[in-house]
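Every letter in the sequence shown is one number past the one before it in the UniProt record's numbering, and letter 108, counting from 1, is 108. Where a beta carbon is used, it is the ideal one built from N, C-alpha and C, also for glycine. In what follows, a structure is listed as structure tokens, so that the remarks can point back to it.
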Amino acid sequence: MADPAADLERESLTPTHWAAIGLAAVTAVVHLALGLSFLPHWMGGAFLVATAGFLLGIWLVLADRRRRLVYLVGIPFTGAQIVLWYVVNEPSGLADLTVAGAVDKVAQTLLLVALVTLLVSEDDDP
Numbered sequence: 001m002a003d004p005a006a007d008l009e010r011e012s013l014t015p016t017h018w019a020a021i022g023l024a025a026v027t028a029v030v031h032l033a034l035g036l037s038f039l040p041h042w043m044g045g046a047f048l049v050a051t052a053g054f055l056l057g058i059w060l061v062l063a064d065r066r067r068r069l070v071y072l073v074g075i076p077f078t079g080a081q082i083v084l085w086y087v088v089n090e091p092s093g094l095a096d097l098t099v100a101g102a103v104d105k106v107a108q109t110l111l112l113v114a115l116v117t118l119l120v121s122e123d124d125d126p
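This is how it looks when you write it as structure tokens:
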């Protein structure tokens with residue numbers, strides 16, 4: 001049986017890559033927990049789709065598969081998560097935030113910064 005870790009290409013990963021991977025993992029875990037708690041409601045499925053998207057992005061970066069495309073898709077994907085959360089929850093202040101929501105939105109905001117940084121820094125590479 002093939003070793004999945006053998007497909008990973010870690011040497012080219014920078015600290016920014018690792019930060020983005022960690023932040024994507026945090027938001028994936030939050031979405032997984034929320035998805036499972038919302039099932040069988042349709043929102044449970046939506047959270048699980050988001051989980052899969054973040055996990056796929058992590059794997060693609062680790063496997064060095066179309067990283068630039070991952071950054072380009074990851075930016076609107078993550079940004080949409082933030083906008084959808086705001087539209088669905090309509091928070092009027094900090095008191096409306098749950099711990100999971102706060103952790104997730106901070107992770108997603110920082111992930112956006114990391115993805116933009118990676119995209120811009122890749123443009124500078126020869």
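In whole angstroms, what separates the C-alpha of Leu39 from that of Leu110?
-> The C-alpha of Leu39 lies about 28 Å from the C-alpha of Leu110.
Pick helix, strand or coil for Glu11, following the three-state DSSP scheme.
-> Coil.
Alpha carbon to alpha carbon, how far is Asp92 from Arg10?
-> In the sequence on display, residue 92 carries Ser and not Asp. Separation of Ser92 and Arg10 (C-alpha to C-alpha, rounded to the nearest whole angstrom) is 42 Å.
The segment 21 to 37 contacting the segment 101 to 109, beta-carbon criterion three pairs below 8 Å = Using a C-beta cut-off of 8 Å, the segment 21 to 37 makes contact with the segment 101 to 109, since at least three inter-stretch Cβ pairs fall below that distance.
Alpha-carbon spacing of Thr98 relative to Val26, whole angstroms = Thr98 and Val26: Cα-Cα distance of roughly 15 Å.
DSSP three-state call for residue 146: helix, strand or coil?
-> Residue 146 lies beyond the range of the chain shown here (1 to 126); nothing can be said about it.
Round the Cβ separation of Leu118 and Thr16 to the nearest angstrom and send it over; I've been treating them as touching at under 8 Å.
-> The C-beta distance from Leu118 to Thr16 rounds to 6 Å, short enough to fall under 8 Å.
Inter-residue Cα distance where the pair is Val88 and Arg65 | Roughly 33 Å separates the two Cα atoms.
Let me know the alpha helix (DSSP H) ranges lying completely inside the segment 29 to 77, each 4 residues or longer, listed in chain order.
-> Those alpha helix (DSSP H) runs which fall completely within the segment 29 to 77 and span 4+ residues are 42 to 62.
Give the straight-line distance between the Cα atoms of Gln108 and Val83, rounded to the nearest whole angstrom.
-> In this structure, the alpha-carbon of Gln108 lies about 11 Å from that of Val83.
Would you please state the rounded distance, in angstroms, between the beta carbons of Leu23 and Ile75? I believe it to be under 8 Å.
-> No, Leu23 and Ile75 are not in contact; Cβ-Cβ is about 13 Å, not under 8 Å.
Confirm the yes/no value for this check: CB of Thr98, any heavy atom of the ligand MG, distance under 8 Å.
-> No copy of the ligand MG appears in this structure; indeed no ligand is present at all.
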